[in-house]
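Per our numbering, residue 3 is the first one in the sequence shown, and the count goes up by one each step. Here is the structure we will look at.
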Amino acid sequence: MSETLSPHIKRLGRLADQGRFGRLRRGIEKEGLRVDGAGRIAQTPHPRALGSKLTHPHITTDYSEALLEYITPVYSRPEDALDFLADLHRFSYRHLGEELIWPASMPARLEGNDSVPIADYGASNVGMMKHVYRKGLDVRYGRIMQAIAGVHYNVSLPDDLFALLRELDGEGGTAMQDYRSARYFGLIRNFRRHSWLLLYLFGASPAVDRSFLPDGRVPEGLRPHGRETLVSPYATSLRMSDLGYQNKVQSQLKICFNSLSNYVNTLRHAISTPWPDYQAKGVRRDDDWRQLNANILQIENEYYSDIRPKRVARHDETPSQALEARGVEYIEVRCLDLDPFDPLGIDATQSRFLDTFLMWCLLTESPWISDEECAHLDDNRRLVVARGRDPELRLDHLGRKRALADWGGEIFAGLGEVADLLDRLEDGAPHRQALEALAPRLEDASLTPSGRLLARLEENGEDFIETVLGLAREQAARLREEPIGRAREALFDQLVETSHQQQGDIEVADVEPFADFLAHYFERARESRALTPLRAGGRA
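Here you go:
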């Protein structure tokens with residue numbers, strides 16, 4: 003247990019009672035594949051009645067034309083974010099006809115690579131860039147991997163909390179921007195040390211339809227179930243396994259989360275350094291663009307990670323330039339499967355737990371990660387992804403092997419202190435209640451979403467597609483019947499109209515040839531924005 007956690011919480015508790023700092027703020031991004039009534043990936047365009055996917059602030063698409071992405075505003079109460087997310091689902095179902103929103107992370111039935119339609123964002127340069135970037139992902143990794151869905155959880159901590167921590171740490175001489183970024187990177191390092199716990203508690207993808215592996219191979223660890231399903235008996239999240247968002251080229255980057263400058267410089271190197279295999283595939287043939295470039299990363303968003311430091315970028319900035327110029331603003335958690343039993347993929351209990359976990363990562367001592375430790379962290383994540391519900395599993399913790407439930411119970415004890423701190427800002431004890439609701443999963447793996455889904459498949463003798471399609475139909479029937487508040491429905495109607503108008507305005511205003519637009523973009527992307535030196539210390 004960290005030596006700094008309890009003293010920090012004791013001091014912050016008194017300050018919370020005085021109203022000296024506010025609540026965490028979060029926004030949710032949730033993906034969901036559109037499917038037809040038989041559970042096949044939809045081949046229809048993104049519904050025009052949902053607005054322009056280029057400019058709508060809350061309803062867009064991820065990789066595929068069929069992969070809806072919902073984005074909530076930022077809220078200080080999880081329930082408000084979830085209520086907005088629910089209304090986005092309800093509004094969509096007014097315009098989806100017979101189509102359904104697939105509630106699982108692993109895709110619906112596919113018919114080869116070309117059955118995953120690449121999203122089209124229109125004729126503007128920015129729309130073309132988004133489309134060509136996705137074509138590049140197809141060239142590099144194939145489309146099937148890009149049909150996977152998940153939840154991204156974005157959290158910012160209150161500025162007044164950082165001001166108090168800076169005072170408590172005796173860092174009053176450090177610029178707030180530098181101190182805040184350093185603390186966020188301390189949070190990220192602790193997250194990387196312990197993200198296996200989230201994969202265990204919330205992983206929900208132990209099975210996949212055979213169509214996800216069109217070459218017919220059955221990877222090690224999977225076994226047949228039913229007619230068209232492959233399952234991994236102890237897996238928590240195939241989405242986060244080698245079957246999902248993993249890439250051997252990117253694994254060589256060795257992204258360092260010890261400081262902002264190291265992180266930014268490694269990403270800048272990746273988007274500027276050619277890769278022979280990608281060069282061989284070609285970038286452009288006449289007006290047919292295959293990828294944005296032949297570098298290790300086309301753009302920074304191509305880097306796959308379970309967590310990212312973020313800053314809202316201005317129109318002339320890349321994500322790294324925004325971080326350089328103004329520091330870390332919030333963090334994005336990216337390792338969360340959709341919970342197929344919940345129509346939103348996430349609920350308030352999970353949200354409160356994530357807030358508690360992230361605050362614990364912030365307040366717990368967080369030394370820099372050595373290369374040796376980094377290798378063990380990756381091993382722990384891989385083990386939990388593949389065998390998290392295996393009672394014989396042992397993880398590496400500071401050089402010794404520990405049972406998941408034992409180590410997890412120790413973490414929960416620290417989380418309890420943090421939950422009590424956060425509950426000082428609330429009516430009741432929602433963070434403590436979230437811990438109590440989830441703690442039984444440590445001792446009983448059948449209570450986890452992955453355990454529940456696998457049990458349902460085995461008990462009913464159903465294929466993955468049959469089970470998830472049944473859940474999708476039940477959820478769609480409920481969401482179609484539930485009302486939307488008049489004010490919010492009016493807002494959504496207006497956003498549909500204005501988003502189409504905005505896309506049209508952008509397209510009319512574009513006069514620069516796409517090749518020139520792209521060249522200018524990457525010329526700017528190679529520029530370094532002034533970065534205030536960060537302290538070299540690794541304390542949390």
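Cβ atoms here follow ideal geometry from the backbone N, Cα and C, with glycine treated the same way.
Exercise for the section: For the alpha helix (DSSP H) holding residue 360, just list the boundary residues, first then last. Expected result: 350-365
Exercise for the section: Could you spell out the range, first to last residue, of the beta strand (DSSP E) harbouring residue 337? Expected result: For residue 337, the uninterrupted beta strand (DSSP E) segment begins and ends at 332-338.
Practice task
Given a cut-off of 8 Å, decide if residue 61 and residue 109 are closer than it, judged by their beta-carbon atoms.
Solution key: no
Practice task
May I have the straight-line CA-CA distance separating residue 86 from residue 305, to the nearest angstrom?
Solution key: 29 Å
Practice task
Check residue 155 in the structure and name its three-state DSSP category.
Solution key: strand
Problem - Where residue 40 sits in the DSSP three-state scheme - result: Residue 40 falls in the coil class under three-state DSSP.
Problem - Reduced DSSP category for residue 370 - H, G, I as helix; E, B as strand; rest coil - result: coil
Practice task
Below 6 Å CB to CB, which residues in the same chain sit around residue 64 once its five sequence neighbours on both sides are set aside?
Solution key: Cβ contact annotation for residue 64 (same chain, cutoff 6 Å, sequence separation greater than five): 33, 71, in chain order.
Practice task
Run the proximity test for residue 44: is its beta-carbon closer than 7 Å to any non-hydrogen atom belonging to the ligand FAD?
Solution key: Looking for the ligand FAD in the displayed structure turns up nothing, as the structure carries no ligands at all.
Practice task
From the DSSP output, read off the bridge partner residues of residue 62.
Solution key: In the DSSP secondary-structure assignment, residue 62 is bridged to 71.
Exercise for the section: Report buried or exposed for residue 147, applying the criterion of at least 16 other Cβ atoms within 10 angstroms of its Cβ. Expected result: buried
Exercise for the section: Starting from the Cα of residue 2, find the closest Cα among 399, 45, 239 and give me that residue. Expected result: Limits of the chain in this structure are 3 at one end and 542 at the other, which puts residue 2 out of reach.
Problem - Residue environment, residue 525, which counts as buried when at least 16 other CB atoms sit within 10 Å - result: exposed
Exercise for the section: Quick one: residues in its chain with C-beta nearer than 6 Å to the C-beta of residue 341, no 5 flanking neighbours on either side, listed in chain order? Expected result: 206, 347, 451
Exercise for the section: Could you have a look at residue 234 and say whether DSSP puts it in helix, strand or coil? Expected result: coil
Practice task
Name the residue from 12, 92, 301, 155 whose alpha carbon lies nearest to the alpha carbon of residue 138.
Solution key: 301
Exercise for the section: Could you have a look at residue 227 and say whether DSSP puts it in helix, strand or coil? Expected result: strand
Practice task
Please say whether residue 93 and residue 194 have beta carbons closer to each other than 8 Å?
Solution key: no
Problem - Where residue 209 sits in the DSSP three-state scheme - result: Strand.
Exercise for the section: Determine the closest residue to residue 335 out of 11, 309, 80, 458, with distance taken between C-alpha atoms. Expected result: 309
Problem - Residues bridged to residue 484 (per DSSP) - result: DSSP output for residue 484 lists no bridge partner at all.
Handout entry: Inter-residue spacing [alpha-carbon to alpha-carbon] between residue 408 and residue 218
Key = Taking the straight line from one Cα to the other gives about 39 Å.
Handout entry: Boundaries (first-last residue) of the beta strand (DSSP E) holding residue 399
Key = 396-399 is the span of the beta strand (DSSP E), which, as asked, contains residue 399.
Handout entry: residue 103 versus 41, 173, 353, residue with shortest Cα-Cα distance
Key = For residue 103, the nearest C-alpha among the options comes from 41.
Handout entry: Identity of the residue in 371, 20, 173 nearest residue 265 by Cα
Key = If we check each option's Cα against that of residue 265, 371 comes out closest.
Problem - Where the alpha helix (DSSP H) containing residue 137 begins and where it ends - result: In the DSSP assignment, residue 137 falls within the alpha helix (DSSP H) that extends over 127-143.
Practice task
Run through the stretch 447-519 for me and flag every whole alpha helix (DSSP H) of 4 or more residues, listed as ranges in chain order.
Solution key: 451-462, 466-483, 488-511
Problem - Sub-8 Å separation of residue 481 and residue 351 beta-carbons - result: Contact check for residue 481 against residue 351 fails: the beta carbons are separated by 8 Å or more.
Problem - Among 95, 73, 453, nearest to residue 343 - alpha-carbon criterion - result: Nearest C-alpha to residue 343 among 95, 73, 453: 453.
Practice task
List the whole-angstrom C-beta distance separating residue 74 from residue 24, where the pair is believed to meet the contact cut-off of C-beta under 8 Å.
Solution key: Not a contact, Cβ separation roughly 19 Å.
Problem - Contact under 8 Å by Cβ, residue 396 with residue 404 - result: yes
Problem - Same chain only: Cβ atoms within 7 Å of residue 276, ignoring 5 sequence neighbours per side - result: 296, 297
Handout entry: Three-state class that DSSP yields for residue 409 in the structure shown
Key = In the three-state reduction of the DSSP assignment, residue 409 falls in the helix class, which pools H, G and I.
Problem - residue 311, enclosing beta strand (DSSP E) - first and last residue - result: 309-312
Exercise for the section: Determine the contact status of residue 10 and residue 201, defining contact as a CB-CB distance below 8 Å. Expected result: no
Exercise for the section: Determine, using beta carbons only, whether residue 213 and residue 332 come nearer to each other than 8 Å. Expected result: No, these two residues do not count as a Cβ contact at 8 Å.
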